[in-house]
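Below: the structure, in structure tokens.
Numbering (our numbering), first residue to last: 73 to 670.
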């Protein structure tokens, strides 16, 4: 069986049927995203993922990068894979051709990112953060900064990082102490301080590493309004833009982690010898605002990681259940021993994983469609509308997909039985790798608080209700006809939308009584939103599949599988929305009283 097979057919289905790729490619700047180009990108990315990155996944898990005297060393194979990745132009998909990019839609880049993360999540983190750094510089950097850094980052010749966290400043970034002192020499700063949990903070994959670092200037006000963002290169670029003098920064150590062992996570020290040369991005004291450019992109990307690793875990389980012979089928008088997929409970676990992964993929790419519209749509009002919707969807994609990704990798391990508990089988690695996704780039609790506080309460639910209305409109456009499956799906999704609307009403009212109550229910509200959004997108997918089955167009086995998977989601997953709804409307009082008894 293959180590990893990219789900190209389902990715093409979502792109062509659910996210209106045709409409996206009509937007200014996306004209090159023709069907032939999209197919070629997906097919070649799938090939690289399965043939180059996936075989290194286990290797990176058991042979993690090492550090000695501040120098981090990865394996020869890891370096060769990165070289091939960069030479293929895979870091350049979304960026402006002026800087060597390909100018392709983000929704396509999200499909490709899923393949990297499923094949080898530890590897995929490096280009992910490089893209995030390039995005911040392209939007807020000076023309000089763009000239020096963007071409190198876009090509993958240089890598990028995000430096937020300090020992005393995790979720509360107002506690940041790193300092940046201005100099009279060409306007640069001298930056000092420590940053922890820096993914790919030091490595040997590229000739330079561009760190984006949050720090305070001497005259900065207290709190988050006094944080600025700086470019701190490992090697200071010379007049020709090539790596020059080594900057005053070093990797103190690498973390020993539960998962993603192949990714070096560094403790970074800046300014031990007087101050690292740093260059201010944009205006002083707006660093957190700029960093959130990277954060929003990264948060969505972590949601992609959640369902990507779940897809990989599902595939491993699928290979196992069609080969593992154990027991006899219920009701088979022959008594013949069978592969375990013949056992109903194993089949339940398999289709449950499949349906959840497909729902997460569809919701994530629906959000990516909003990204493209918010940037490229020719109408200003349409761009603003897409941005408002994207702001709501990002914490859902990040929080819900990472939580469910953990759930799916656990089920995949369970499918293996005792063999899953043995590291050599490989199922445990996916379980361990997925665990970080609910934590970094903002925990699930942070995403839930963001959804309730910034996205619901701030505007009285205007955008939330707008999205619920859109879901109902989409449901009305599905014609069940004679399809019993579609009738069931549409009915169940409509019921779940009623729950979501009722929970939204309750939280808005509860906030007027006690400002803490919405936050006590925020986790359940986020999960409710994710489950219902998944049902919404699966209903749309079911409508498309049923239509193709009626007209006998396309791959009939694919559409039969899709319709069955969508029905399973509506019957076996959507009912979970009732539990979250009940927890929201009845459980906040116990939560608020709990602190004094814990």
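Even glycine gets a Cβ: it sits at the ideal position worked out from N, Cα and C.
Sequence-distant residues of the same chain with beta carbon closer than 6 Å to residue 662, five excluded per side: none
Beta-carbon contacts of residue 339 that lie in its chain and below 6 Å, excluding the five residues immediately before and after: Taking C-beta separations shorter than 6 Å and ignoring five residues to either side along the sequence, the partners of residue 339 in its chain run 268, 324 and 325, following chain order.
Nonlocal neighbours in the same chain, by C-beta distance under 7 Å from residue 518, ignoring five residues either side: 243
Inter-residue Cα distance where the pair is residue 313 and residue 100: 31 Å
Buried or exposed by the 16-neighbour rule on C-beta atoms within 10 Å, applied to residue 520: buried
Contact between the stretch 296-308 and the stretch 273-282 (3+ Cβ pairs under 8 Å): yes
Beta-carbon proximity of residue 236 to residue 296, cut-off 8 Å: Cβ distance not < 8 Å, so residue 236 and residue 296 don't count as in contact.
Own chain partners of residue 345 with C-beta closer than 7 Å, once the 5 adjacent residues on each side are dropped: 320
Nearest-angstrom beta carbon gap, residue 401 and residue 86 [assumed within contact, 8 Å]: 34 Å between Cβ atoms; not a contact.
Cβ-based neighbour list, residue 96, same chain, cut-off 8 Å, excluding 5 preceding and 5 following: 102, 105, 177, 179, 441, 444, 445 and 448
Residue 406, DSSP secondary structure in three states: coil
Backbone CA spacing between residue 73 and residue 395 [nearest angstrom]: Only weak support is given to the placement of residue 73: the predicted model assigns it a pLDDT of 44, under 50, and the question is left unresolved by the model.
Expected contact under 8 Å - CB spacing of residue 421 and residue 487 to nearest Å: Right, the Cβ-Cβ distance comes to about 5 Å (below 8 Å), so this counts as a contact.
Those runs of the beta strand (DSSP E) which lie wholly inside the stretch 235-275 and span at least 3 residues: 251-254 and 261-271
Local conformation of residue 143 per DSSP, three classes: strand
Residue 370: first and last residue of the uninterrupted alpha helix (DSSP H) it sits in: 359-393
Cα-Cα separation between residue 214 and residue 353, rounded to whole angstroms: 7 Å
Boundaries of the beta strand (DSSP E) in which residue 127 is found, first to last residue: Unbroken run through residue 127 is the alpha helix (DSSP H), 126-134; no beta strand (DSSP E).
From 147, 272 and 577, residue whose alpha carbon lies closest to that of residue 199: 272
Per DSSP, the bridge partner or partners of residue 309: 315
Buried or exposed (CB count within 10 angstroms, at least 16 for buried), residue 115: exposed
In chain order, each alpha helix (DSSP H) run of at least 4 residues that lies wholly inside the stretch 472-513: The stretch 472-513 contains these whole alpha helix (DSSP H) runs: 499-507.
For residue 302, the three-state DSSP class (helix, strand or coil): Secondary structure at residue 302: strand, using DSSP grouped into helix, strand and coil.
For residue 125 and residue 195, believed in contact at Cβ under 8 Å, the rounded distance: Confirmed, about 5 Å.
Start-to-end residues for the beta strand (DSSP E) that takes in residue 337: 337-342
Residues bridged to residue 138 [DSSP beta-bridge criterion]: 145
Residue range of the unbroken beta strand (DSSP E) whose run includes residue 210: Careful: residue 210 lies outside any beta strand (DSSP E), inside the alpha helix (DSSP H) at 178-212.
With 16 other Cβ atoms within 10 Å as the buried cut-off, status of residue 467: buried
Bounding residues of the beta strand (DSSP E) (the contiguous stretch that carries residue 561): Premise fails: residue 561 lies in the alpha helix (DSSP H), 556-585, not in any beta strand (DSSP E).
Residue 91 - DSSP class collapsed to helix/strand/coil: coil
Assumed close pair residue 303, residue 350 - CB separation to whole angstroms, cut-off 8 Å: 7 Å
According to DSSP, residues forming a beta bridge with residue 325: 339
Residues near residue 222 in its chain [Cβ-Cβ closer than 7 Å; skip 5 each side]: 171, 206, 209 and 210
Cβ shell of residue 491 (< 7 Å), same chain only, five flanking positions each side left out: 497
Straight-line gap, residue 658 to residue 452 (C-alpha atoms, nearest Å): 42 Å
Pairwise C-alpha distance: residue 250 and residue 238: 8 Å
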